[in-house]
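Counting from 263, one number per residue, gives the positions in the sequence shown under this note's numbering.
The next block holds one structure in the form of structure tokens; read it before the comments.
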Amino acid sequence: MHDLAGLEARFGATNYAPLPVTIVRGDGVYLFDEQGRRYIDMMGAYSAVSFGHCHPRLIAALSGQARRLDTISRAYFNDRLGPFLARACALTGMDAALPMNSGAEAVETALKAARKWAYKVKGVPADRAEIIVADGNFHGRTITIVGFSSVPQYRDGFGPFPAGFRHVPFGDATALAAAITPNTAAFLVEPVQGEGGINVPPDGYLAEVAAICRAHNVLLLCDEVQSGLGRTGRLLACQHDGVAPDGLMLGKALGGGLLPVSLFLARREVMDVFAPGDHGSTFGGNPIAAAVGLAALDLLVEEQLVERSARMGAHLMRRLQAINNPLVAEVRGRGLFVGLELRRDVDAGDMVRNLLQAGVLTKDTHRNTIRFAPPLIIDERQIDWAVDRLAEVLDAAVPQTVTEAAPAK
Ligand code: PLP
């Protein structure tokens with residue numbers, strides 16, 4: 263048998279550090295390695311696999327469409343895109359949607375829309391538009407986006423970066439109000455920061471932010487690439503605060519775990535800044551992506567996965583909070599978007615590797631946090647099994663960590 267991990271290492275780039283497991287098959291909440299060993303997927307491909315792996319209805323939408331019509335580019339209309347965009351707008355309450363592929367592309371689209379809106383509608387002088395972002399943000403990996411990341415590694419070696427971005431602390435509406443100038447086009451924010459450590463802002467933060475933006479004629483752009491589509495127990499995480507943004511980004515789960523499918527959705531006035539030739543993507547909105555996206559949205563509603571995420575998320579939180587272990591510093595999250603933060607002297611990466619051995623797939627994220635974003639189809643029994651394994655792994659780590667951390671006598 264090939265050394266598959268070795269092949270990736272030999273011929274790939276080293277921009278990821280995968281855990282030592284090669285997955286060859288997926289089914290629902292489970293993944294299987296080369297030896298047929300089963301793992302429960304508590305990561306959900308960074309929230310891209312809300313429906314479970316290889317959902318038969320999504321596979322049918324994908325393969326049915328692939329047999330009928332593939333990519334034709336946006337030089338022509340296709341019979342799948344309109345229904346997909348209409349469904350996405352009806353569900354989210356937005357007026358219009360622009361299809362892209364990756365989440366980062368949807369964010370880039372939002373940034374372009376906001377700047378052009380600032381010049382054409384708000385009347386900001388040419389090349390002076392500012393966009394405010396939050397500390398600890400994660401919006402993707404393009405040069406523009408990493409240019410306003412607050413993680414030094416994401417920026418290191420990739421400058422120079424586009425100008426026109428300012429930072430405010432996440433969760434601090436007063437700081438946002440103070441940072442706004444007459445040239446401010448937009449505030450870009452994740453309603454729950456995912457990669458930044460599953461950071462949930464104070465209750466009412468987003469509502470306050472929305473009021474401030476409205477008062478200053480500033481667009482509120484919510485990046486729900488990760489937090490959207492039921493992940494936090496509401497269709498959109500901004501709905502926890504009753505907020506309807508001016509621009510919205512969706513991705514990840516929108517492709518049903520099968521394809522990269524993303525959308526920038528907006529109010530009509532914002533979307534109308536785009537004229538033919540201003541923006542585009544060869545594969546964005548292709549018939550297969552549109553068919554899968556539409557099937558994913560239908561499935562989300564029909565299987566009541568948003569409500570399920572709220573219920574199962576509450577169960578997961580209860581179970582994690584009940585873990586009595588000195589290594590645990592905090593459990594936080596919303597819906598099935600949960601982070602368990604470990605004490606600073608504990609290596610979350612070690613725990614994640616031990617969890618892999620125990621049959622649980624997850625991944626650490628910033629600030630010593632283990633992330634849990636399982637498929638929304640997960641049930642209580644499966645959550646219990648995964649949390650029991652976690653509790654065992656943490657228990658096994660206690661004496662070792664305490665000994666290592668103890669000062670030398
Ligand atoms: N925005 C948010 C909030 C994300 O969490 C991510 C990815 O993790 C992205 C954008 C980028 O998405 P993609 O990796 O599909 O470009």
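C-beta atoms are modelled at their ideal positions from N, C-alpha and C, and glycine is treated no differently.
- Here Gly519 has Ala307, Ala310, Val311, Phe313 and His315 as same chain residues with Cβ atoms under 7 Å from its own Cβ, once five neighbours each way along the sequence are excluded.
- For Asp646, the secondary structure class from DSSP, reduced to helix, strand or coil, is helix.
- Checking the 7 Å criterion, the Cβ of Glu457 is within range of a heavy atom belonging to the ligand PLP.
- The three-state reading of DSSP puts Val523 in coil, since its state is none of H, G, I, E or B.
- Across the structure, Arg342 and Arg606 are spaced so that their CA atoms are roughly 49 Å apart.
- If you look at Ile640, you'll find it isn't in any alpha helix (DSSP H); DSSP assigns it neither H nor E.
- Sequence-distant partners of Leu656 (beyond 5 residues in either direction) whose C-beta falls short of 6 Å from its own C-beta, in its chain, are Asn587 and Leu589.
- Cys484 carries a strand assignment under DSSP once its states are collapsed to helix, strand and coil.
- Under the three-state reduction of DSSP, Phe536 is assigned to coil, being neither helix nor strand.
- The DSSP-derived three-state label of Ala359 is strand.
- Contiguous beta strand (DSSP E) elements confined to the segment 342–417 occur at 358–362 and 392–396, taking only those with 3 or more residues.
- The segment 425–443 and the segment 385–402 touch, with no fewer than 3 CB-CB distances between them shorter than 8 Å.
- Residue nearest to Ala610 within the set Ser325, Thr624 and Gly402 is Thr624 (criterion: CA-CA distance).
- Distance from His401 to Ala366 at the Cβ level is roughly 7 Å; contact confirmed, criterion being Cβ atoms closer than 8 Å.
- With distances taken between CA atoms, Phe432 lies nearest to Asn461 out of Asn461, Thr404, Val593 and Asp612.
- Its chain contains Tyr301, Ile302, Met304, Ala648, Arg651 and Leu652 as the residues whose beta carbon lies nearer than 7 Å to that of Val622, once the 5 sequence neighbours on both sides are disregarded; these appear in chain order.
- CA-CA distance, Ser325 to Ile442, rounds to 48 Å.
- Here Pro636 has Val291, Asp303, Met304, Gly306 and Leu598 as same chain residues with Cβ atoms under 7 Å from its own Cβ, once five neighbours each way along the sequence are excluded.
- With a cut-off of 7 Å, the C-beta of His401 is classified as near the ligand PLP, since at least one heavy atom of the ligand falls inside that distance.
- Judged by the Cβ position, Val487 qualifies as a neighbour of the ligand PLP at the 7 Å threshold, a heavy atom of the ligand being closer than this.
- By the Cβ-count criterion, Gln501 is buried, with 16 or more other Cβ atoms from all chains shown falling within 10 Å of its own Cβ.
- Here DSSP, grouped into helix, strand and coil, assigns Glu565 to coil.
- In the displayed model, Glu531 falls within a helix according to three-state DSSP.
- With 16 or more other CB atoms across the displayed protein chains lying within 10 angstroms of its CB, Leu516 is buried.
- For Lys382, the number of other beta carbons within 10 angstroms of its own is below 16, and it is reported as exposed.
- The C-alpha of Leu512 is placed about 33 Å away from the C-alpha of Gln619.
- Here the alpha carbons of Glu270 and Gly490 stand approximately 32 Å from one another.
- Non-local beta-carbon contacts of Met579 in its own chain, meaning distances under 8 Å to residues more than five positions away in sequence, involve Val593, Gly595 and Val600 in chain order.
- If you look at Val451, you'll find it in the beta strand (DSSP E) that goes Thr446 to Val451.
- In this structure, Val451 sits near Asp485, with a CB-CB distance shorter than 8 Å.
- For the pair Leu320 and Val554, the Cα-to-Cα distance works out to about 6 Å.
- In the three-state reduction of the DSSP assignment, Gln501 falls in the helix class, which pools H, G and I.
- Secondary structure of Gly326 (DSSP, three-state): helix.
- Ser412 has its CB no nearer than 7 Å to any heavy atom of the ligand PLP.
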